[in-house]
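Mapping the sequence shown onto UniProt numbering, position 59 (from 1) lands on 59, and the numbers just tick up by one. Idealized CB from N, CA, C, for every residue including glycine. Since the model is a prediction, treat every value here as computed from it, not as a measurement.
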Amino acid sequence: MRSSKPITVTLGSQQKSLEGRLQSGAYSSASEVIRAALRALDREENAIDEIMRLKIREAIDDPGSDIDADTVFERLEHLHAERMKAEDGRA
């Protein structure tokens, strides 16, 4: 029994890419190309997930002191005010 079912896919501009791979002999069927593309996408997403996990872990483990929200907003308001002044001076 087949473990997967046939599907119809519209590739649009990617059709030329698929055909080029078939003509080169690198792949013997459109199914092989699509499976390879999905494996590559899985690898890319897994790599991004791992990078995000590491970045989150770094942030959690950062020994630096936290900045309270009031301080952050004060700094942002100050930066915004400075930019507005600079823009008014150019007008």
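Q: Go through its chain and collect everything with a Cβ distance to R21's Cβ below 7 angstroms, but skip five positions before and after it.
A: Y27 and V33
Q) Touching or not, the region 33-43 and the region 4-22, by the rule of three or more beta carbon pairs under 8 angstroms? A) yes
Q) Near T10, what residues of its chain come up, given a Cβ to Cβ distance below 7 angstroms and the 5 sequence neighbours on each side ignored? A) none
(Q) Measuring only the C-alpha atoms, how far is K16 from P63? (A) 52 angstroms
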